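Residue numbers for the sequence shown follow my numbering, beginning at 31 and rising by one.
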Amino acid sequence: MPTFDRRNRRDLDQLVEEYTTTSNINRRQFLQRATAAGLSISAAAALLEACGGGGSTGVNSGGSPVAVTSIDALTEWSGNELDAFNTISAMFKTKTGISVKNETTRDLLTVLTNRVRANNPPDVAGMPSVTLFQQLAMQGKLLQLDSFLGSVYQQNYAPAWQQFASVNSHIYAVLPKANSKGTIWYSPKQFQANGYTVPTDWNGLIALSNKIAGQGKFPWSLGVESSGSSGWPGADWIDQIYINLNGPDMYDKWYKHQIPWTDASV
Numbered sequence: 031m032p033t034f035d036r037r038n039r040r041d042l043d044q045l046v047e048e049y050t051t052t053s054n055i056n057r058r059q060f061l062q063r064a065t066a067a068g069l070s071i072s073a074a075a076a077l078l079e080a081c082g083g084g085g086s087t088g089v090n091s092g093g094s095p096v097a098v099t100s101i102d103a104l105t106e107w108s109g110n111e112l113d114a115f116n117t118i119s120a121m122f123k124t125k126t127g128i129s130v131k132n133e134t135t136r137d138l139l140t141v142l143t144n145r146v147r148a149n150n151p152p153d154v155a156g157m158p159s160v161t162l163f164q165q166l167a168m169q170g171k172l173l174q175l176d177s178f179l180g181s182v183y184q185q186n187y188a189p190a191w192q193q194f195a196s197v198n199s200h201i202y203a204v205l206p207k208a209n210s211k212g213t214i215w216y217s218p219k220q221f222q223a224n225g226y227t228v229p230t231d232w233n234g235l236i237a238l239s240n241k242i243a244g245q246g247k248f249p250w251s252l253g254v255e256s257s258g259s260s261g262w263p264g265a266d267w268i269d270q271i272y273i274n275l276n277g278p279d280m281y282d283k284w285y286k287h288q289i290p291w292t293d294a295s296v
């Protein structure tokens with residue numbers, strides 16, 4: 031057996047012993063370490079089931095892993111978004127027999143971070159930021175999904191979307207939706223009453239803002255409070271303003287810390 035394979039086998043033996051004789055790791059951590067040692071998701075799940083984990087009592091008479099009966103999710107959805115998620119979860123249960131237990135919070139960043147630190151992460155979680163997503167992936171806190179999602183992504187997602195869901199060329203996420211966060215809403219009634227003209231470029235937008243402010247009014251209203259995640263709507267706007275003014279190349283340099291935050295472009 032090659033040296034690399036022997037090392038992986040030794041890691042798996044140690045993992046199985048630790049899981050079956052101690053309470054130091056949970057099933058999610060078991061799967062993470064098993065895939066890190068070279069097993070596919072399905073092989074790691076089968077090994078977990080053989081150890082008596084995964085919410086089942088072992089393997090069935092045919093040697094196949096017994097499916098888990100439920101998974102827990104952590105999201106910040108409410109209203110129509112939560113209704114849509116619950117509808118999909120019900121369809122998922124009908125198809126697989128697995129129930130989805132969803133926990134909703136408006137402070138997703140804090141709750142998710144604390145649960146990961148406490149070694150009690152959810153099975154599935156919405157990500158409050160790209161930065162946290164990348165950090166968790168690089169720390170080995172997320173499962174690689176390449177083995178059973180690779181072809182699905184290639185067939186249904188453009189390369190740019192595949193990159194958003196990947197870290198170091200491995201898929202870690204499913205992208206269920208996209209949001210438009212740079213939309214400016216205004217009142218046509220107020221514009222008509224005050225003789226304002228809708229601007230068509232950045233300079234026109236700034237000029238109109240200054241005009242409204244000069245009349246003793248507030249030209250902008252933006253909600254940014256979100257508990258531990260407060261400020262993120264403003265961050266999204268700053269991102270879009272910067273890339274429109276300076277272009278994608280400068281944005282990449284800014285994002286990768288190749289230019290300082292005190293750079294003239296910022």
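Where is the CB? At the ideal position from N, CA and C, for every residue including glycine. Keep in mind that this is a model prediction, so the values were computed, not measured.
Nonlocal neighbours in the same chain, by C-beta distance under 8 Å from G212, ignoring five residues either side
D266, W267 and Q270
Exposed or buried, W284, counting other C-beta atoms within 10 Å across all chains shown (16 or more means buried)?
buried
Alpha carbon to alpha carbon, how far is L235 from V160?
29 Å
Does E47 pass the burial test, meaning 16 or more other C-beta atoms within 10 Å, or should it be called exposed?
exposed
Cβ atoms of I201 and V154: under 8 Å apart, would you say?
no
Between the CA atoms of L166 and V204 - distance to the nearest angstrom:
15 Å
Beta-carbon gap between V146 and A103 smaller than 8 Å
no
Can you tell me the Cβ-Cβ gap for E106 and T135, rounded? I've got them flagged as a contact below 8 Å.
6 Å
Less than 8 Å between the beta carbons of D113 and S259, yes or no?
no
Can you give me the C-alpha to C-alpha distance between A208 and E255, rounded to a whole angstrom?
21 Å
Return helix, strand or coil for T140, following the three-state DSSP convention.
helix
Compare the Cα-Cα distances from T140 to each of L238, Q222 and M157 and report the closest residue.
M157
With DSSP collapsed to three states, give me the class of V154.
strand
Strand pairing of D102, partner residues [DSSP]:
K131
With 16 as the cutoff for other CB atoms within 10 Å, does P189 come out buried or exposed?
exposed
So, for F248: in the same chain, excluding its five sequence neighbours on each side, which residues have a beta-carbon less than 8 Å away from its beta-carbon?
I242
For L275, which residues in the same chain have their Cβ closer than 6 Å to its Cβ, ignoring the five residues on either side in sequence?
none
Less than 8 Å separating the beta-carbons of Y281 and I289?
no
Contact set for D176: own chain, Cβ-Cβ below 8 Å, skip 5 residues either direction
H200 and I201
Rounded to whole angstroms, what is the Cα-Cα separation between V98 and K123?
11 Å
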